[in-house]
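**Student:** Here you go, one structure.
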Amino acid sequence: MTDKADFNHVRISRRGLLGGSLVLAGAGVGAGALWSNPKLTDLGLNSVSRWNDTVQSALMSPHQLASSYPAEQITVPFPFNAFYPESQAPAVDSATWRLQVAGRVADRRPRTIEELRSMPQEVQTTRLICIEGWSAVGRWGGVPLNLFMRSVGADLGARYVAFRCADDYWVSIDMPSALHPQTILATTFLDRPLPQEFGFPLRLRIPTKLGFKNAKHIVTIEITNDFPGGFWENQGYNWFAGL
Ligand SMILES: Nc1nc2c(c(=O)[nH]1)N[C@H]1C(S)=C(S)[C@@H](COP(=O)(O)O)O[C@H]1N2
Ligand SMILES: [Mo]
Numbered sequence: 331m332t333d334k335a336d337f338n339h340v341r342i343s344r345r346g347l348l349g350g351s352l353v354l355a356g357a358g359v360g361a362g363a364l365w366s367n368p369k370l371t372d373l374g375l376n377s378v379s380r381w382n383d384t385v386q387s388a389l390m391s392p393h394q395l396a397s398s399y400p401a402e403q404i405t406v407p408f409p410f411n412a413f414y415p416e417s418q419a420p421a422v423d424s425a426t427w428r429l430q431v432a433g434r435v436a437d438r439r440p441r442t443i444e445e446l447r448s449m450p451q452e453v454q455t456t457r458l459i460c461i462e463g464w465s466a467v468g469r470w471g472g473v474p475l476n477l478f479m480r481s482v483g484a485d486l487g488a489r490y491v492a493f494r495c496a497d498d499y500w501v502s503i504d505m506p507s508a509l510h511p512q513t514i515l516a517t518t519f520l521d522r523p524l525p526q527e528f529g530f531p532l533r534l535r536i537p538t539k540l541g542f543k544n545a546k547h548i549v550t551i552e553i554t555n556d557f558p559g560g561f562w563e564n565q566g567y568n569w570f571a572g573l
């Protein structure tokens, strides 16, 4: 990475960027710590959180890979998390389920789960890190989001990709993160179809971001230039949520 970040037509040294954000955030030791104070908005610091988003996207290399792990390190049993208890995970019928494709795309035809499974697959053994203080290693497989977006003729110059879920959860991510090679639309967990509680039939697996970005039970993908926010992001979690 170079030590210069160029955004908003201003060249600022990396040291200057970090120094400024440390003063604003009041805590942390680097880009990875920018989300360590997730409730900035509780303090009326929405603009600081959005500034952190700008800093993080300027510092993030779209090519840096998240760590992979050997199979022996897979966490058993894998923890469940959602904004409700595990017994309330939505039961989605994959026979009638369709992935809706919305916004800035050429081809909005809804996709079946079989169509997604027949696309090129990427399998990864990576760590999911929850902001609540736990992490776990698992293996997920599915079509890379960048391949899927190309296949529907998505506007790859748009700013955001939003995911809406069967349980009324939603998240959105920046386009460079959506195009990252490890960002996948996962249909498998431990080489089998996703279990109900882990997001059946389709979830986002994005190992370069915190757990809450990994939308489960996806029903709609939307490509948009209008900032979509997210379920936790709108309650104060940092939107970029990069690791
Ligand atoms: N649809 C949906 N997706 C979701 C959530 C949720 O409540 N609903 N919770 C998020 C959070 S906070 C985490 S840490 C991960 C947990 O994924 P897991 O149950 O596979 O561990 O899912 C994320 N995706
Ligand atoms: Mo989480």
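Take the working numbering: the final residue in the sequence shown is number 573, and no numbers are missing along the way.
Quick reminder that beta carbons are idealized off the backbone N, C-alpha and C, glycines included.
Nearest to E527 by CA position, among D504, K546, D521, T426, is which residue?
**Tutor:** K546
**Student:** Quick check on DSSP: helix, strand or coil for D383?
**Tutor:** helix
**Student:** Taking the continuous beta strand (DSSP E) assigned at R323, which residues delimit it?
**Tutor:** Here the chain comprises residues numbered 331 to 573, so residue 323 is not present and cannot be evaluated.
**Student:** Would you tell me roughly how many angstroms separate the C-alpha atoms of M390 and G468, rounded to the nearest one?
**Tutor:** 24 Å
**Student:** Would you report the Cα separation of G541 and E445, rounded to the nearest angstrom?
**Tutor:** 26 Å
**Student:** Does ligand 1 have even one heavy atom less than 7 Å from the beta-carbon of L429?
**Tutor:** no
**Student:** Would you say P578 and R428 are within 8 Å of each other, going by their C-beta atoms?
**Tutor:** Outside the shown range of the chain, which is 331 to 573, sits residue 578, and nothing can be said about it.
**Student:** Hey, is K539 close to ligand 1, as in C-beta under 7 Å from one of its heavy atoms?
**Tutor:** Because no heavy atom of ligand 1 lies under 7 Å away, the Cβ of K539 does not count as near it: no.
**Student:** Measuring alpha carbon to alpha carbon, tell me which residue in F410, Q430, K543, L395 is nearest P511.
**Tutor:** L395
**Student:** What whole-angstrom Cβ distance do V422 and A496 have, given they're in contact under 8 Å?
**Tutor:** 5 Å
**Student:** Any idea what DSSP makes of R522, helix, strand or coil?
**Tutor:** strand
**Student:** From the DSSP output, in three-state form, read off S424 for me.
**Tutor:** coil
**Student:** Helix, strand or coil, according to DSSP, for L352 in the structure here?
**Tutor:** Summary for L352: the model assigns pLDDT 34, below 50, so the residue's position carries little reliability; its value from the coordinates is reported in the next sentence. Here L352 sits in helix by DSSP.
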